[in-house]
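Using the numbering used here, you'd call the opening residue of the sequence shown number -11 and step up by one each time. Note that CB positions come from ideal geometry on N, CA and C, so glycine has one too.
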Amino acid sequence: MKIIIPSLLGVETVISREVQDLGYPKEQIEVRDGLVSLNVEETFEAVSEAVARLNINLRTGERVQLEIDSFDAKTFDELYDAVRDVPWESWIPDGWAFIVRGYSRKSELFGIPACQRTVKKGIVERLASVRGYASHEHIPEDPALGTIRIQFSIMSDVVSLLIDTSGESLHKRGYRPNSNLAPLKETLAAAMLKIMRWEPFSDEALLDPFCGSGTIPIEAAMIAASMPAGLNRRFTGEDWPVLESEAFARAREEGRDLMDVEAIDEPFIFASDIDMAAIDIATENAERAGIRSFISFSRRDVANIGGRDWLHAHPDFDRCLILGNPPYGERMGDMESVTNIHHSLAENYLPNGNLIPGIRLGIITAADHFESDIGRPADRRRKLYNGMKRCYLYQYYRHQKRTKSKRSIR
Ligand SMILES: C[S@@+](CC[C@H](N)C(=O)[O-])C[C@H]1O[C@@H](n2cnc3c(N)ncnc32)[C@H](O)[C@@H]1O
-11 MKIIIPSLLG VETVISREVQ DLGYPKEQIE VRDGLVSLNV EETFEAVSEA VARLNINLRT
49 GERVQLEIDS FDAKTFDELY DAVRDVPWES WIPDGWAFIV RGYSRKSELF GIPACQRTVK
109 KGIVERLASV RGYASHEHIP EDPALGTIRI QFSIMSDVVS LLIDTSGESL HKRGYRPNSN
169 LAPLKETLAA AMLKIMRWEP FSDEALLDPF CGSGTIPIEA AMIAASMPAG LNRRFTGEDW
229 PVLESEAFAR AREEGRDLMD VEAIDEPFIF ASDIDMAAID IATENAERAG IRSFISFSRR
289 DVANIGGRDW LHAHPDFDRC LILGNPPYGE RMGDMESVTN IHHSLAENYL PNGNLIPGIR
349 LGIITAADHF ESDIGRPADR RRKLYNGMKR CYLYQYYRHQ KRTKSKRSIR
């Protein structure tokens, strides 16, 4: 059976790596634009275990869905017939409510409301006939019993029918009820840490000088503590009788056994922001996440955090990864302050285009003048989406200035 993990664009390979780290072989994993799929044996135990473990552990996936069926359809009749042939009575418990949503791309079937109505009609007709209801109007739907979220995706005339097992999207870990303006998605922050290959408990500290609500440092601390991302939240799959509910309890137990959140004396994750209100919110969020002791918070202007001075003041570390998302400058008149921040980053960490020894820099921004402000093309840039906003993660790690730059400044 196929388990589908929708992904933020640009994060697919990171999710694939996470799935492999959970013990699933590469051969069972497929990566496509915007999703990763995992093939598991079609047994109650294997599917339940994989769904529970993925929901609880994944840091970078958006949700976990089961693919119920997949078929070709170019007309509404073909869509209706194929949907009606699916044994929905095995997936939708009697009396449960269900919601149908979906999308269509590069396909003959493109009217989303019409596709939605057709899929819903196929399901209802199937349930009415199998369960002996007089007609579709008599099918009871009681959200108090539970709600199944069904998604259809139509890509190049291939229809895929999916059932969601996550409920709220996986980026909702439960530690961030408060957020200031423009927080990063938790899944994106975790992906950035993985893309930058930051290793906790090494000689390299982590510093987010624009921490805002604390997403990057909190995700880093959860990684350091081996705390499963979804340990402290619920998933709709837990109440769905189609899955073994004990599988979630076992996956939580497995996660707790590996976790180590014992308070540490010397934090190796540093978070600062110019705004004291942001620091207060970030500190509360870190407390809620249970990893407060891993992070040292302070109120600072990035202009005053020199790379050399920082390393000098923290002799326990030989190196420091500076990772963050400065303001993009969405509003008119912000451009100057955004450019000033970029110039501060250049002066403090890349003077004359040379990285300070021991420093690596990863900055995610939608500002297309970032590299020209910094004065050196990034060693690598990765296109990522923060919500709908297209950004780049600019990565600087080469300490030798290249004599002949292969890359141009954007
Ligand atoms: C886009 S937000 C960061 C959001 C954060 N990653 C989160 O997930 O909540 C940018 C942050 O940069 C901070 N900031 C703006 N100018 C700054 C400066 N000169 N020095 C340090 N922080 C600054 C803002 O207060 C804001 O919290």
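{"Asked": "Where are the alpha helix (DSSP H) runs, 4 residues long or more, that stay fully inside the region 72 to 121, in chain order?", "Found": "100 to 119"}
{"Asked": "Residue 283 and residue 277: beta carbons closer than 7 Å?", "Found": "no"}
{"Asked": "DSSP on residue 8, reduced to helix/strand/coil?", "Found": "helix"}
{"Asked": "CA-CA distance, residue 93 and residue 142?", "Found": "6 Å"}
{"Asked": "Quick check: what's the CA-CA separation for residue 96 versus residue 257?", "Found": "51 Å"}
{"Asked": "Which same chain residues end up closer than 7 Å to residue 210 when comparing Cβ atoms and leaving out the 5 residues on each side of it in sequence?", "Found": "217, 277, 279"}
{"Asked": "Can residue 336 be considered in contact with ligand 1, in the sense that its beta carbon sits closer than 6 Å to one or more heavy atoms?", "Found": "no"}
{"Asked": "Does the beta-carbon distance from residue 231 to residue 36 come in below 7 Å?", "Found": "yes"}
{"Asked": "Among all the DSSP beta bridges, which residues are the ones paired with residue 141?", "Found": "91, 148"}
{"Asked": "Would you kindly check if the distance between the Cβ of residue 367 and the Cβ of residue 386 is under 7 Å?", "Found": "yes"}
{"Asked": "Give me the pocket residues for ligand 1, defined as CB within less than 5 Å of any heavy atom, sorted by chain position.", "Found": "170, 171, 172, 198, 200, 201, 203, 261, 262, 263, 266, 289, 290, 313, 315"}
{"Asked": "Report the CB separation of residue 40 from residue 189 in whole angstroms; it is logged as a contact under 8 Å.", "Found": "No, residue 40 and residue 189 are not in contact; Cβ-Cβ is about 28 Å, not under 8 Å."}
{"Asked": "Distance check for residue 42 and residue 27, CA to CA, integer angstroms please.", "Found": "13 Å"}
{"Asked": "Taking only the alpha-carbon atoms, compute the straight-line gap between residue 244 and residue 221 and give it to the nearest angstrom.", "Found": "14 Å"}
{"Asked": "Do the region 329 to 346 and the region 129 to 146 make contact, defined as three or more Cβ pairs closer than 8 Å?", "Found": "no"}
{"Asked": "Among the residues of its own chain, which have a CB less than 8 Å from the CB of residue -3, if the five just before and after it don't count?", "Found": "21, 22, 371, 372, 373"}
{"Asked": "Of the choices 54, 76, 345, whose alpha-carbon is the least far from that of residue 154?", "Found": "54"}
{"Asked": "Does DSSP put residue 259 in a helix, in a strand, or in coil?", "Found": "strand"}
{"Asked": "Closest to residue 201 by C-alpha separation, out of 264, 147, 60, would be which residue?", "Found": "264"}
{"Asked": "Please work out which residues of its chain come closer than 6 Å, Cβ to Cβ, to residue 114, disregarding the five sequence neighbours upstream and downstream, and give them in chain order.", "Found": "72, 76"}
{"Asked": "In this structure, how does DSSP classify residue 48 when only helix, strand and coil are distinguished?", "Found": "coil"}
{"Asked": "Go ahead and label residue 62 buried or exposed: buried means 16 or more other beta carbons lie within 10 angstroms of its beta carbon, across all protein chains shown.", "Found": "exposed"}
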